[in-house]
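Q: There's a structure below that I have some questions on.
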Amino acid sequence: QAGQFPVVFDANRLHGCSSGGIVARGKGVRQVVANETSSHYDATDTESQVAPVSLLARLSALIVSIFAVVAASACGGGGPETTGSGIQVVATTTQIGALTRAVAGEGVALTVLLSAGADAHDYEPSPLAAKKIAAARVILRNGLALDDWLDSTIEGSGTKGTVVTVTDGIDLRVGDGEADPHVWHSPANAKSMVDNIVTALSEADPEHASAFAQNGESYKKTLDETDAEIRRLIDQIPSENRRVVTNHDA
C-alpha cells in the first residue's frame, strides 16, 4: 500500500515482555526480513514510498518475532527457576527480571516468579515461589496493583528480605481514575526502574555496587539509543498511516 512503511522490531535485538511490552536489548531496530518475500526494509531508505512487503507479511513477521522471543525467555514447567550466583534476588515479573539481569548479569541468583506470557493479575504463587521469597535477600516488585498477590505471600513466607517497588518515582499515566501499572512501555520509565534496581542491589551487595552501577548506565544508554531509533522509524511513516494494534489497553 502506497505510503506505508513496514516497521517491525527485530527479535534478535529486542527482549519481548508480556502485555506487549518491549525492553531494548542491543543497538538498533533497523532491519526486518519478511520470510514470505525475502524482502527487507532499511530505515535509512527515506526515498521509498511503497511498502516492499504486504501488510500480511509484515504482521506475520511481527508475530513470528514475538513468539520467538517469548519461547526463548520462557521458564520451564514446575515453578520458578533460579539462574546466576550471588545474593538471592526475586523479581515478580519478566520485565523486572530482564532489567535485573541487565544490571547484575550472572552476579546474582535471580528468580523470576512469572513466566513469559503469564498474566500478573491472575498469578497464584506456588509453594516453591514462597520458598524462593523466604530465602531472598532482595524482592523486586512492580507495585501499582499489578502484583498485589505478593503481600500475602511475603507475610506467609516469613522472609527477612528487603522489598523494593521498582516503579517508585515514576510519573504515572492515569486513566479512569487509576494509575496504569504497565510503566515499562516507556524507555524513560524503564531507566527509572533500572536506577531503582541498581540502588537495591548495591545496598544488599556493596561489594559489587560499582559493577551494578556501570551495567545500569550502559543499559540506560542502550535504552536511549533504541528509543531514538524507534522515533526515527516512526517519523518516516506518514502521520495518517500511523496505527497501533494491541491486545491490551496498557
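Position in the sequence shown (from 1) plus 580 gives the number in my numbering. Where a beta carbon is used, it is the ideal one built from N, C-alpha and C, also for glycine. If you're wondering where the values come from, they're calculated on a predicted model, not measured in any experiment.
Mind checking whether the beta-carbon of Asn-821 lies closer than 7 Å to any heavy atom of the ligand MG?
A: In the structure shown, the ligand MG is absent, as is every other ligand, since no ligand is present at all.
Q: Per DSSP, what kind of secondary structure is Thr-691 in: helix, strand or coil?
A: DSSP, read as helix, strand or coil, puts Thr-691 in strand.
Q: Check Ala-700 in the structure and name its three-state DSSP category.
A: helix
Q: With DSSP collapsed to three states, give me the class of Glu-616.
A: Legend: pLDDT at Glu-616 = 33, less than 50; position of this residue unreliable, value from coordinates given subsequently. Of the three classes helix, strand and coil, the one that applies to Glu-616 here is coil, per DSSP.
Q: Let me know if Thr-734 comes out buried or exposed under the rule of 16 or more other beta-carbons within 10 Å of its beta-carbon.
A: The identity of residue 734 in the sequence shown is Ile, whereas the question assumes Thr. The residue in question, Ile-734, is buried, as its Cβ has 16 or more Cβ neighbours within 10 Å.
Q: Starting from the C-beta of Ala-780, find all residues in its chain whose C-beta is less than 6 Å away, skip the five residues before and the five after it, and write them out in chain order.
A: Val-718 and Val-744
Q: Could you tell me the distance, in whole angstroms, from the CA atom of Glu-820 to the CA atom of Asp-751?
A: 29 Å
Q: Sort out for me which residues DSSP pairs Arg-721 with in a bridge.
A: Thr-745
Q: With H, G and I counted as helix, E and B as strand and the rest as coil, what does DSSP make of Gly-596?
A: Bear in mind that a pLDDT of 37 at Gly-596, under 50, signals an unreliable position, so the number given afterwards is only what the model happens to contain. Residue state, collapsed to three classes: strand.
Q: Taking DSSP's pairing of strands, which residues face Thr-663 in a bridge?
A: Leu-690
Q: Does the Cβ of His-762 have 16 or more other Cβ atoms within 10 Å, making it buried, or fewer, making it exposed?
A: Buried, because 16 or more other Cβ atoms sit within 10 Å of the Cβ of His-762.
Q: For a test of the three-state rule: what should DSSP assign to Val-824, helix, strand or coil?
A: coil
Q: Quick one: what does DSSP say Gln-816 is sitting in, helix, strand or coil?
A: Here Gln-816 sits in coil by DSSP.
Q: Taking Ala-682 as part of the alpha helix (DSSP H), name the residues at either end of that continuous run.
A: Counted as a single uninterrupted DSSP element, the alpha helix (DSSP H) harbouring Ala-682 occupies residues 674-684.
Q: Taking C-alpha atoms, which residue in Ser-766, Thr-802, Asp-775 and Ala-793 lies nearest to Asp-748?
A: Asp-775
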